Amino acid sequence: MKAKSIIILAVLAILVIYGISVNNGFVTAEESVESAWAQVENQYQRRADLIPNLVNTVQGAADFEQETLQSVIEARSRATSITLQANDLNDPAKIQQFQAAQEQLSGALSRLLVSVERYPELKANANFRDLQAQLEGTENRITTERKRFNDTARQYNTEIRKFPGSLIASISGFDRKAYFEANEGAEQPPIVDFE
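Just so we're aligned: 302 in the working numbering is position 128 of the sequence shown, and the numbers increase by one with no gaps anywhere.
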């Protein structure tokens with residue numbers, strides 16, 4: 175009887191240690207997802223910080239289309255007003271709302287950069303060229319960080335769905351994380367028209 179109790183306690187101890195280990199792995203994976211998200215936000219913030227300099231440079235160097243500049247300023251305001259908390263990463267609708275605001279800003283910036291092509295004196299301005307290069311670099315960084323976020327979220331989601339970890343994940347409250355997805359129509363290349 176005593177040996178049977180020791181075996182049962184040993185098995186229970188092994189299961190508890192296993193459960194703690196799996197839970198700790200999920201915590202680490204979830205922190206990786208949140209860290210990846212912080213990098214996405216960091217790059218969006220970098221872009222938001224560059225935009226006032228870009229707009230001021232453009233305004234100062236050209237008699238520019240006020241409507242285009244105003245749309246950039248308004249889109250930046252909307253994009254920076256929408257924030258996501260760590261627990262919002264479980265909600266695809268909130269990520270989509272955030273992404274939609276960021277896409278509006280991207281569209282406004284694209285229109286601004288296309289409009290600038292009509293102003294050779296502005297394109298020759300070193301400050302504008304530097305800001306434009308910074309903005310283009312930031313867009314590339316955003317794309318990279320969004321991919322990293324999706325990769326990290328995929329790894330996390332895979333871990334919490336695999337058996338027997340899925341049992342521990344459901345008991346411990348680990349939920350799937352949403353992904354960044356392309357906006358509808360993103361597969362169509364933008365039309366650039368200089369007329």
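For glycine and all other residues, C-beta sits at the position ideal for the given N, C-alpha and C.
Small disclaimer: the values here were computed from a predicted structure and weren't measured.
- Assignment of Ile256 by DSSP, reduced to helix, strand and coil, places it in the coil class.
- Remark: C-beta atoms of Arg350 and Asn331 approach each other more closely than 8 Å.
- Excluding its 5 nearest sequence neighbours in each direction, Gly193 has C-beta neighbours in its own chain below 8 Å: Ile342, listed in chain order.
- Looking at the backbone, the Cα of Gln219 and that of Thr254 are separated by about 8 Å.
- The region 252-266 and the region 333-341 do not touch, with fewer than 3 CB-CB distances between them shorter than 8 Å.
- Nearest to Ser284 by C-alpha distance, out of Phe354, Lys268, Val229, is Val229.
- A Cβ-Cβ contact shorter than 8 Å links Glu204 with Phe348.
- With fewer than 16 neighbouring CB atoms inside 10 Å of its own CB, Leu186 falls in the exposed class.
- The C-beta of Arg221 has 16 or more other C-beta atoms within 10 Å across all chains shown, which makes the residue buried.
- For the pair Leu279 and Leu224, the CB atoms are not nearer than the 8 Å cut-off.
- Taking Ala267 as reference, the option from Tyr353, Ala307, Ser206 with the minimal CA-CA separation is Tyr353.
- In this structure, the alpha-carbon of Ser209 lies about 15 Å from that of Gly199.
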